[in-house]
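Written out below as structure tokens is the structure these notes cover.
Chains as they are written, first to last, in this note's numbering: chain A, 69 to 272; chain B, 1094 to 1262.
Written out as structure tokens, the structure reads:
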């Protein structure tokens, strides 16, 4: 059978399609989108909520007992997160244009998703030494592990720095695997489709 | 709940072009559950974009774009239970009307189409819908000439696939 012979059968199948009722439509529109981008937007929102809650609580408890310099540092970290959140939110908003031509939409989705993943990966890796050093500072100053941060000896500082680097390297690989697990498959699929569409265009 | 005027307008336009969404769902899903999930997702995307539809392109062109964009970029793991084939794809009356030999050929053709890539499926669907190459270009964003060349290659590919299926090679 040739493809052209299928055309008439294909056309006739239109007649058998039943209409959607107002109730069915209403029910569908009440449901959440399950598209990858909608899921990423929801995940980002919940990530922001959890960061705001935990960070506000930490800031509240630590700011009453810490030096002003440390509080400023905590606020700076919070500002960095705001910039990071805003950047990711903007990328997600610009990630798709479903009513655009399929090729340009998929190309845009791929480029933006790669930027999003890069931001996620870099932030995740950079957050490790920052969190480690902040934790260490709090431990030293509040936990009585050491008389004070300023009193720390050079060899001890070198050990802390070494530990921070080691943890960062380990987190780099963990992050890499995690980011691939989350988005790798989607990116691969998009790349294959976009490459195929570009091949078709260039083989004309 | 009473639908709003915009919802009514949307519903009317949707029902006039319902076949587009259903056919895209059939092509890009493997079973009834996937089909319903994809159908719902396309309707949500159509609704979200409806307010920005300015009529620069035909409503059907706009609808093909959204339906294909949603289906192609959907990465959800599809359940692998039953593969849709000819009898489920066609309306029952038509399936009954065709003779056994022809039914077998149609089955082979659908099975071959199901094995095409996502992009090839989109091109075949628009071809079966009798869209001109200009319209196909407007939907897919691939040039008219390139689509003609690709369509010929897909036809050859399908011919080979159906022959292989028929002779069991």
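Each residue gets a CB set at the ideal place from its N, CA and C atoms; glycine is no exception. None of the values given here were measured: they were computed from a predicted structure.
Note the first and the last residue of the continuous alpha helix (DSSP H) segment covering residue i.
{"i": "residue 270 (chain A)", "result": "253-270"}
{"i": "residue 135 (chain A)", "result": "Neither: residue 135 (chain A) is in no alpha helix (DSSP H) and is coded neither H nor E."}
{"i": "residue 180 (chain A)", "result": "170-210"}
{"i": "residue 96 (chain A)", "result": "90-98"}
{"i": "residue 223 (chain A)", "result": "222-247"}
{"i": "residue 77 (chain A)", "result": "71-80"}
Taking Cβ-Cβ distances shorter than 8 Å, what residues in chain A pair up with residue i?
{"i": "residue 1223 (chain B)", "result": "75 and 79"}
{"i": "residue 1215 (chain B)", "result": "170"}
{"i": "residue 1251 (chain B)", "result": "71"}
{"i": "residue 1248 (chain B)", "result": "70 and 71"}
{"i": "residue 1145 (chain B)", "result": "167"}
Using a C-beta to C-beta distance shorter than 7 Å, which residues of chain A count as neighbours of residue i?
{"i": "residue 1133 (chain B)", "result": "96 and 99"}
{"i": "residue 1151 (chain B)", "result": "Here the premise fails: no neighbours, minimum Cβ distance about 12 Å."}
{"i": "residue 1208 (chain B)", "result": "Neighbours of residue 1208 (chain B) on chain A: none; closest Cβ ~14 Å, over 7 Å."}
Could you tell me which chain B residues have their CB closer than 7 Å to the CB of residue i, listed as they occur along the chain?
{"i": "residue 142 (chain A)", "result": "What residue 142 (chain A) touches in chain B: nothing, since even the nearest Cβ is about 38 Å away."}
{"i": "residue 247 (chain A)", "result": "Under the 7 Å cutoff, chain B gives no residues; its nearest Cβ is about 15 Å from residue 247 (chain A)."}
{"i": "residue 182 (chain A)", "result": "Here the premise fails: no neighbours, minimum Cβ distance about 14 Å."}
{"i": "residue 265 (chain A)", "result": "1212 and 1235"}
{"i": "residue 261 (chain A)", "result": "1165, 1211 and 1212"}
Could you list which residues in chain B have their beta carbon closer than 8 Å to that of residue i, in chain order?
{"i": "residue 174 (chain A)", "result": "1162, 1165 and 1166"}
{"i": "residue 88 (chain A)", "result": "1104, 1107, 1108, 1111 and 1136"}
{"i": "residue 85 (chain A)", "result": "1111, 1112 and 1115"}
{"i": "residue 258 (chain A)", "result": "1166"}
{"i": "residue 185 (chain A)", "result": "Here the premise fails: no neighbours, minimum Cβ distance about 14 Å."}
So which residues on chain A does residue i lean against when the C-beta distance must stay under 9 Å?
{"i": "residue 1239 (chain B)", "result": "268, 269, 270, 271 and 272"}
{"i": "residue 1130 (chain B)", "result": "102"}
{"i": "residue 1202 (chain B)", "result": "69, 70, 71, 73 and 74"}
{"i": "residue 1267 (chain B)", "result": "No information on residue 1267 (chain B) is available, as it lies outside the stretch 1094 to 1262 that chain B covers here."}
{"i": "residue 1126 (chain B)", "result": "Those within 9 Å of residue 1126 (chain B) in chain A number zero; the least Cβ separation is about 12 Å."}
{"i": "residue 1122 (chain B)", "result": "By Cβ distance, chain A contributes nothing, its closest Cβ being about 13 Å from residue 1122 (chain B), past 9 Å."}
Apart from the five residues on each side of it in sequence, which residues of its chain come closer than 8 Å, Cβ to Cβ, to residue i?
{"i": "residue 162 (chain A)", "result": "176 and 180"}
{"i": "residue 201 (chain A)", "result": "228 and 232"}
{"i": "residue 1096 (chain B)", "result": "1104"}
{"i": "residue 1115 (chain B)", "result": "1132"}
{"i": "residue 133 (chain A)", "result": "210"}
{"i": "residue 1038 (chain B)", "result": "The shown model of chain B, from 1094 to 1262, leaves out residue 1038 (chain B), and the question about it has no answer."}
{"i": "residue 149 (chain A)", "result": "119 and 123"}
{"i": "residue 182 (chain A)", "result": "255"}
{"i": "residue 146 (chain A)", "result": "123 and 127"}
Who are the near neighbours of residue i in its chain, counting only those whose CB is closer than 7 Å to its CB and skipping five residues on each side?
{"i": "residue 109 (chain A)", "result": "160"}
{"i": "residue 105 (chain A)", "result": "160, 163 and 164"}
{"i": "residue 1217 (chain B)", "result": "1206, 1209 and 1247"}
{"i": "residue 1220 (chain B)", "result": "1244"}
{"i": "residue 188 (chain A)", "result": "247"}
{"i": "residue 1142 (chain B)", "result": "1159"}
{"i": "residue 1226 (chain B)", "result": "1237, 1240 and 1241"}
Kindly list, in the order they appear in chain B, the residues whose Cβ is closer than 9 Å to that of residue i.
{"i": "residue 161 (chain A)", "result": "Under the 9 Å cutoff, chain B gives no residues; its nearest Cβ is about 13 Å from residue 161 (chain A)."}
{"i": "residue 93 (chain A)", "result": "1096, 1100, 1103, 1104, 1107, 1136 and 1140"}
{"i": "residue 179 (chain A)", "result": "Within chain B, no residue comes near residue 179 (chain A); the closest Cβ sits about 13 Å away, beyond 9 Å."}
I'd like the list of long-range same chain contacts for residue i, defined as Cβ closer than 6 Å, with 5 residues on each side in sequence excluded.
{"i": "residue 192 (chain A)", "result": "243"}
{"i": "residue 1179 (chain B)", "result": "The predicted position of residue 1179 (chain B) is uncertain, since its pLDDT is 47 and thus under 50; no value can be drawn from it."}
{"i": "residue 1174 (chain B)", "result": "With a pLDDT of 42 at residue 1174 (chain B), under the threshold of 50, the predicted position of this residue should be treated as unreliable, though the coordinate-derived value follows. Around residue 1174 (chain B): 1124."}
{"i": "residue 142 (chain A)", "result": "127"}
{"i": "residue 264 (chain A)", "result": "none"}
{"i": "residue 113 (chain A)", "result": "none"}
{"i": "residue 1229 (chain B)", "result": "1219 and 1240"}
{"i": "residue 1139 (chain B)", "result": "1159"}
{"i": "residue 1130 (chain B)", "result": "none"}
{"i": "residue 236 (chain A)", "result": "196 and 197"}
{"i": "residue 1118 (chain B)", "result": "1128, 1131 and 1132"}
{"i": "residue 178 (chain A)", "result": "258 and 262"}
{"i": "residue 1251 (chain B)", "result": "1205"}
{"i": "residue 1214 (chain B)", "result": "1120"}
Does the beta carbon of residue i come closer than 9 Å to any beta carbon on chain E?
{"i": "residue 115 (chain A)", "result": "Although the question refers to chain E, the structure presented lacks it and instead comprises the protein chains A and B."}
Checklist entry - Of all the beta strand (DSSP E) runs that stay within the bounds of the region 1104-1162 of chain B, which reach a length of 3 or more residues? => result none
Checklist entry - Can you list the alpha helix (DSSP H) stretches of 4 or more residues lying completely in the region 1203-1232 of chain B, in chain order? => result 1211-1221
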